[in-house]
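Report on the following structure.
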DNA sequence: GCTAATTACTTGATATTTGAAGCAATTGGC
DNA sequence: GCCAATTGCTTCAAATATCAAGTAATTAGC
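Residue numbers (my numbering), protein chains in the order written: chain A, 443 to 593; chain B, 443 to 593.
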């Protein structure tokens, strides 16, 4: 293993650890203050950005999870009256999920707290550092997103 | 929400997405080529670095999971003869987990492939970029690790 | 040395996630 | 229009994760 490989490994380890720690912190704060969870929050956040609703498949792509999991999550959120599910008028296979009025209010209050938590965490970096981080993560993301080739 | 907050949010989203995508790719490659998984690999990797073995509690801290989960994982790996579990001679409450010879060989072959995958993914960044990323993630990690205060 | 508090781990119930299989609706090629 | 392939979703079982409670061993305070 070359020195470069070792450094990449350490980088990946740190990336993983950092993300997991932030995730945990957000998840436990959501639990503590709103009796919710990060996956639920993420799903609601996607719906918030889509006033016309989203199909199940779109949801699963956006929150990076499987279709089965979205079915499960939406069922739970539906039971809590935070979202509704309707058959699409143009494609009867598809289900369209939307935030309810209650869901919107609920999400808004969570989102506000969530933003503060995030801002607090990343406030340790200067704006320039944040931009640099964002940019470089973008490079890695694009790399992983597209089928890899040996360049 | 200020512009800064919005940027932090986007940064977090990208951090999360990137990590998840890399994780998925590694996990599916481990499945495909070694019929293993990332959590198993991570556990074995910790043991590889500790020739004298690790206690269950140390393992759960290092791989950022709960004690119950480590019990579960170790039981599975033990059944596959990749690790052994012995009562600590100095503290009979504690269990010490070690790689077996088979486990070492198995891990070594996985680790080699794993390193290539990682190196390949991060090769899109220059060495300087990698260092910069590593350093800034460290700042965030330290922030989340320690109890937060406002600034 | 005894007792209470602490620590290390396991257990069992439950929650979440995945993956494969299945079903119904839609689409494309004829 | 008709059939095969595809698509969108659900279901089910299995893998994985959490949490709270329980058990056993250790430590601390006296």
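Even glycine gets a Cβ: it sits at the ideal position worked out from N, Cα and C.
Of the other Cβ atoms in all chains shown, fewer than 16 fall within 10 Å of the Cβ of residue 532 (chain B); this residue is therefore exposed.
Under DSSP, no beta-bridge partner is assigned to residue 542 (chain B).
Judged by DSSP in its simplified three-state form, residue 536 (chain A) adopts coil rather than helix or strand. Cβ neighbours of residue 528 (chain B) within its own chain (closer than 6 Å, five residues either side excluded): 538.
Sequence-distant Cβ neighbours of residue 509 (chain B) in its own chain, meaning closer than 8 Å and more than five residues away, are 498, 499, 502. Within the segment 575–587 of chain B, 575, 576, 578, 579, 580, 581, 582, 583, 585, 586, 587 place their CB atoms closer than 7 Å to a CB of chain A, listed in sequence order. Within 9 Å of the CB of residue 569 (chain A), the CB atoms of chain B belong to 446, 449, in sequence order along the chain.
The C-beta of residue 525 (chain B) comes no closer than 9 Å to any C-beta of chain A. Going by DSSP, residue 526 (chain A) is part of the beta strand (DSSP E) stretching over 525–529.
DSSP, read as helix, strand or coil, puts residue 496 (chain A) in strand. At a cut-off of 9 Å between beta carbons, residue 489 (chain B) makes no contact with chain A. Annotation: Cβ neighbours of residue 452 (chain A) in chain B (cutoff 8 Å, chain order): 576. In terms of beta-carbon proximity, residue 465 (chain B) lines the interface with chain A, with at least one pair separated by less than 9 Å. Nearest Cα to residue 562 (chain A) within the set A:447, A:467, A:451, A:479: A:467.
Under the Cβ criterion of 9 Å, residue 564 (chain B) is counted among the residues facing chain A. DSSP, read as helix, strand or coil, puts residue 508 (chain A) in coil. Ranked by Cα distance from residue 515 (chain A), the first of A:495, A:496, A:482, A:506 is A:482.
With contacts defined by Cβ atoms closer than 9 Å, residue 504 (chain B) and residue 449 (chain A) do not form a contacting pair. Within chain B, the C-beta atoms nearer than 8 Å to that of residue 459 (chain A) come from 506, 583, in chain order. Residue-level contact check: residue 462 (chain B) touches chain A, since one or more beta carbons of chain A fall below 9 Å from its beta carbon.
Under the three-state reduction of DSSP output, residue 567 (chain A) falls in the coil class, being neither helix nor strand.
Assignment of residue 478 (chain B) by DSSP, reduced to helix, strand and coil, places it in the coil class.
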